[in-house]
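Position in the sequence shown (first residue = 1) + 237 = this note's numbering.
A virtual CB, placed ideally from N, CA and C, is assigned to each residue, including glycine.
This one's a predicted model, so the numbers in the text were calculated from it and none came from an experiment.
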Amino acid sequence: MDKVIKIVDEKRGIVQITVFNERWYAKPIRNISTGLPEYQFVPSVSWIAGHYPKGIGFYKWLADRGWDEAESIKQAAGDRGSKVHKAIEDLILGNEVKKDSRYMSDLTGTAVELTWEEYEVIFSFTQWWNETKPVPVLGEFTIWSDKHNYAGTVDLLCKIGEEWWLIDFKTGQNIWPEYEIQVSAYEECLPENSEVMEKLKEAGWKGELIKVGILQLGYKRNKKLFKFTEIEKKFNLFLASKTMWTNECANVSPRKIELPLSLTLVAPKKEEKPEEVKEEKKNVNVKL
238 MDKVIKIVDE
248 KRGIVQITVF
258 NERWYAKPIR
268 NISTGLPEYQ
278 FVPSVSWIAG
288 HYPKGIGFYK
298 WLADRGWDEA
308 ESIKQAAGDR
318 GSKVHKAIED
328 LILGNEVKKD
338 SRYMSDLTGT
348 AVELTWEEYE
358 VIFSFTQWWN
368 ETKPVPVLGE
378 FTIWSDKHNY
388 AGTVDLLCKI
398 GEEWWLIDFK
408 TGQNIWPEYE
418 IQVSAYEECL
428 PENSEVMEKL
438 KEAGWKGELI
448 KVGILQLGYK
458 RNKKLFKFTE
468 IEKKFNLFLA
478 SKTMWTNECA
488 NVSPRKIELP
498 LSLTLVAPKK
508 EEKPEEVKEE
518 KKNVNVKL
């Protein structure tokens, strides 16, 4: 997978950088010592949460498929999830999504048409929306914690009835522990993001409890095709996962290297043959 760089918050200048199994967020800051502009990098919530033990069920699944197949499935699922999230973002913004709508694929780097499976997942979101009738506050936004040094992307902040919810969308059939600590980390750092808090207050929030939930889309274990689950907040377990991440990745930083955009080989020079030295014949006059 190539390096994928996305501007996720244009106003704050925050970019998301994904390289293989690493994901960073970066924002422009000014160096305290030199006063010069530079970038601050922090790991993503999902990368940190991925260091939490996945449980015996996951490892059995991994053993059945092998590492290479599991990685292929993971990349394909991530690409599908990315396109589905973008389509849902369009729906929340009031745009129409059609079967032949095209969204950027991280795997190919091109805009591709939705598959029937992806379209069914998006359809399941409309089923949940029409049944639940959430009032959106913010759809897909970036959170940043200077206190704990992490960042991430929240899918939806909304009001359902009289309750306030922070919701993460998943396209899998299971809720793994890392998903639970992921949404817990999002909710924990909301107060550090002033623009998000302003949007909440504009929507009528007066300091009430904000619940966290996971919405599974394309869920195949019921007829609704979705499952909405309230998650118990487990930020303490996220911090434990961050300790494990620090132990494994303390010396890891975004790899910076300058390379040309195209490559060619320099043809070897032809070996030059030495010029033949011609002996000059001198006329010698000999007197007898």
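**Asked** Taking only runs of the beta strand (DSSP E) that begin and end inside the region 315-365, which ones reach a length of at least 3 residues, in chain order?
**Response** 339-341 and 348-350
**Prompt:** Can you tell me where the alpha helix (DSSP H) with Ile-285 in it begins and where it stops?
**Reply:** 282-286
**Residue(s) in a DSSP beta bridge with Pro-265** = Tyr-276
**Message:** Tell me the residue span of the beta strand (DSSP E) that contains Cys-395.
**Reply:** 387-397
**Item:** Extent of the continuous beta strand (DSSP E) run through Gly-444
**Value:** Element bounds for Gly-444: n/a, residue is neither H nor E.
**Prompt:** Would DSSP call Gln-419 helix, strand or coil?
**Reply:** helix
**Item:** Ser-382 - containing alpha helix (DSSP H), residue span
**Value:** Taken as a continuous stretch (DSSP letters only), Ser-382 belongs to no alpha helix (DSSP H), being part of the beta strand (DSSP E) at 372-382.
**Burial state of Lys-507 (16 or more Cβ within 10 Å)** = exposed
**Request:** Within 10 angstroms of the Cβ of Arg-267, are there 16 or more other Cβ atoms? Answer buried if so, exposed if not.
**Result:** exposed
**Request:** Verify whether the separation of the beta carbon atoms of Phe-278 and Ser-490 is less than 8 angstroms.
**Result:** yes
**Message:** For a test of the three-state rule: what should DSSP assign to Val-503, helix, strand or coil?
**Reply:** coil
**Message:** Please report the straight-line C-alpha distance between Ser-319 and Asp-343, rounded to a whole angstrom.
**Reply:** 8 angstroms
**Message:** Does the contact criterion of 3 or more C-beta pairs under 8 angstroms hold for the region 375-384 versus the region 424-434?
**Reply:** yes
**Prompt:** Residue range of the alpha helix (DSSP H) that Phe-475 falls in?
**Reply:** 472-486
**Request:** Please look up how many angstroms separate the CB atoms of His-288 and Trp-413, rounded, as I've assumed it's under 8 angstroms.
**Result:** With 8 angstroms as the limit, His-288 and Trp-413 do not qualify as a contact, their Cβ atoms being about 13 angstroms apart.
**Asked** Mind checking Leu-446: buried by the 16 CB within 10 Å criterion, or exposed?
**Response** exposed
**Message:** To the nearest angstrom, how far is the alpha carbon of Ile-242 from that of Tyr-296?
**Reply:** 31 angstroms
**Item:** Closest residue to Lys-336 among Ala-324, Arg-260 and Gly-376 (Cα-Cα distance)
**Value:** Ala-324
**Item:** Option in Ser-361, Ser-421, Thr-369 and Trp-366 with minimal Cα separation from Thr-390
**Value:** Ser-421
**Item:** From Trp-402, Val-252, Phe-406 and Glu-399, residue whose alpha carbon lies closest to that of Asp-392
**Value:** Phe-406
**Item:** Where the beta strand (DSSP E) containing Trp-298 begins and where it ends
**Value:** Unbroken run through Trp-298 is the alpha helix (DSSP H), 293-302; no beta strand (DSSP E).
**Item:** Alpha-carbon spacing of Lys-500 relative to Val-256, whole angstroms
**Value:** Here the sequence assigns Leu to residue 500, which means Lys is not the residue at that position. Distance between the alpha carbons of Leu-500 and Val-256: 22 angstroms.
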